[in-house]
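A short write-up of the structure that comes next.
Next comes the structure, spelled out in structure tokens:
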């Protein structure tokens, strides 16, 4: 990998593909780096953004601060002033854009799921290995300081031998049956439903905190079988719908049983149509000497029980300086970090990876590892059996210690 020498005057050229909510979030994260991670010595320059929608292109320039905007993502990758690429496009474009960026030798930060399926993800992974570039995949929840503390407790042996893991990723973003049939419900353009969209996050968390998932069995259900087709215009879940209905082609709900390499077992379920939870993304880890529990809706808290502690039952640990990157954002416990801060940490890991020529951020190998679990789960949906998860040969980051930036 080629290393860029950090320089306080360095203006890292950023190209963005797709100016949606996540594209805006990537842009804000780059802009926040000089404030929160000044030692990187980088002042990202927002060079060019691509989006087929004119209003989005206008927003990229007028609101986000890009120097220019274009309709075709290929112009972003070909631009000699673009050093790194953020890929925030719909799932069906991920493989095309990521492979093109890799072939152009440009490091990229891609949102998950990395591909529509494991086949897409393997092609991206193989292109990156051939190019020898560093990457980042948007597994933002692993950057939460509470998750960093949980990982230290687990990997440091404080919980004893890990016996079981529970996870849930429950949301309501598709709970309205009148919401239009966008690309997210089409297998050709989205791939799986909650398996890739939400469970890939939970599976990465489980592997990051505990270790590799080796085998899985699954069940799934499409709760809302049809939805009204969208009218013309920007196709997202807020678009106006027509009266004609079409079929939902992927799952609204999925549940997994799995085994880790070290013998621990786990359960995890996810829904995008759950009434009540908005973003209830939780991970619980149980061992022979204690346990930890975390919920994204209480981002800055970790419930901890350890043998021998003075009070019987869970104690709430409020994250504080010393937990992950918390001190870069807040001076003391009780003052909360937010979701956007997690993406700033993610941006910092990506940029540090580029500067050092070393894979520090969640890698495309990590993305393929999560996709391989989903692949095994989908095989189980077809035959009801347990399936082994394919091993990934690449720059996995979840087994390693958390990098210092």
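Residue numbers (my numbering): 9 to 413.
Glycine included, each C-beta is placed from N, C-alpha and C at the ideal position.
Can you grab the Cα-Cα spacing for the pair residue i / residue j, in whole Å?
i, j, result
"residue 118", "residue 213", "17 Å"
"residue 378", "residue 319", "37 Å"
"residue 190", "residue 235", "9 Å"
"residue 269", "residue 220", "6 Å"
"residue 243", "residue 28", "Reliability fails at residue 243, whose pLDDT of 48 lies under 50, so the model's placement of it is uncertain and no value is given."
"residue 397", "residue 226", "13 Å"
"residue 241", "residue 61", "Note on residue 241: pLDDT 47, under 50, position unreliable in the model; no value is reported."
"residue 255", "residue 267", "34 Å"
"residue 345", "residue 271", "35 Å"
"residue 261", "residue 193", "13 Å"
"residue 382", "residue 281", "20 Å"
"residue 264", "residue 55", "42 Å"
"residue 218", "residue 158", "10 Å"
"residue 251", "residue 349", "41 Å"
"residue 104", "residue 91", "18 Å"
"residue 310", "residue 279", "23 Å"
"residue 400", "residue 376", "7 Å"
"residue 410", "residue 208", "20 Å"
"residue 341", "residue 306", "13 Å"
"residue 277", "residue 110", "34 Å"
"residue 215", "residue 196", "28 Å"
"residue 86", "residue 112", "8 Å"
"residue 132", "residue 156", "28 Å"
Count the other CB atoms within 10 Å of the CB of residue i; is the residue buried (16 or more) or exposed (fewer)?
i, result
"residue 210", "buried"
"residue 286", "exposed"
"residue 128", "buried"
"residue 153", "buried"
"residue 67", "buried"
"residue 47", "exposed"
"residue 332", "buried"
"residue 23", "buried"
"residue 2", "The chain is shown from 9 up to 413; residue 2 falls before or after that span and cannot be answered."
"residue 125", "buried"
Out of the options, state which residue places its alpha-carbon closest to the alpha-carbon of residue i.
i, options, result
"residue 284", "384, 177, 205", "177"
"residue 39", "19, 229, 26", "19"
"residue 300", "323, 306, 109", "323"
"residue 107", "134, 86, 120", "134"
"residue 328", "317, 308, 346, 313", "308"
"residue 5", "267, 166, 272", "The structure shown does not extend to residue 5, since the chain is modelled only from 9 to 413, so the question has no answer here."
"residue 30", "94, 52, 80, 69", "94"
"residue 83", "58, 412, 92, 72", "58"
"residue 33", "148, 223, 395, 164", "148"
"residue 412", "366, 401, 35", "366"
"residue 274", "259, 291, 258", "291"
"residue 35", "238, 69, 373", "69"
"residue 180", "195, 231, 163", "231"
"residue 49", "364, 155, 164", "364"
"residue 187", "239, 175, 144", "239"
In terms of residues, what are the limits of the beta strand (DSSP E) holding residue i?
i, result
"residue 278", "273 to 279"
"residue 303", "298 to 303"
"residue 54", "53 to 58"
"residue 295", "287 to 295"
"residue 21", "21 to 25"
"residue 237", "234 to 238"
"residue 94", "92 to 95"
"residue 77", "76 to 78"
Report whether the distance from the Cβ of residue i to the nearest heavy atom of the ligand NAP is below 7 Å.
i, result
"residue 362", "For the ligand NAP, the structure offers nothing, since it holds no ligand at all."
Going by DSSP, what residue range makes up the alpha helix (DSSP H) through residue i?
i, result
"residue 155", "153 to 163"
"residue 191", "Taken as a continuous stretch (DSSP letters only), residue 191 belongs to no alpha helix (DSSP H), as it is neither H nor E."
"residue 230", "Unbroken run through residue 230: none, as it is neither H nor E."
"residue 172", "Taken as a continuous stretch (DSSP letters only), residue 172 belongs to no alpha helix (DSSP H), being part of the beta strand (DSSP E) at 170 to 179."
"residue 261", "Looking at the DSSP string, residue 261 is not in any alpha helix (DSSP H); the run it does join, the beta strand (DSSP E), is 261 to 268."
Is residue i close to chain C, meaning its C-beta is less than 8 Å from at least one C-beta of that chain?
i, result
"residue 107", "Given the protein chain composition of this structure (a single chain), no chain C is represented."
Inspect the CB distances between the region 67 to 79 and the region 95 to 104 and report whether three or more fall short of 8 Å.
Contact annotation: the region 67 to 79 does not touch the region 95 to 104, with fewer than three C-beta pairs closer than 8 Å.
Contact between the region 40 to 49 and the region 380 to 399: three or more CB pairs below 8 Å?
Judged by Cβ distances under 8 Å, the region 40 to 49 makes no contact with the region 380 to 399, as fewer than three pairs qualify.
Pairs of beta-carbons, one from the region 130 to 145 and one from the region 292 to 312, closer than 8 Å: are there three or more?
Because the criterion of three Cβ pairs below 8 Å is not met, the region 130 to 145 and the region 292 to 312 do not touch.
Three CB pairs or more closer than 8 Å across the region 355 to 368 and the region 193 to 200
The region 355 to 368 is not in contact with the region 193 to 200.
Any 3 or more C-beta pairs closer than 8 Å across the region 347 to 358 and the region 156 to 173
Contact between the region 347 to 358 and the region 156 to 173 is absent, because fewer than three Cβ pairs lie under 8 Å.
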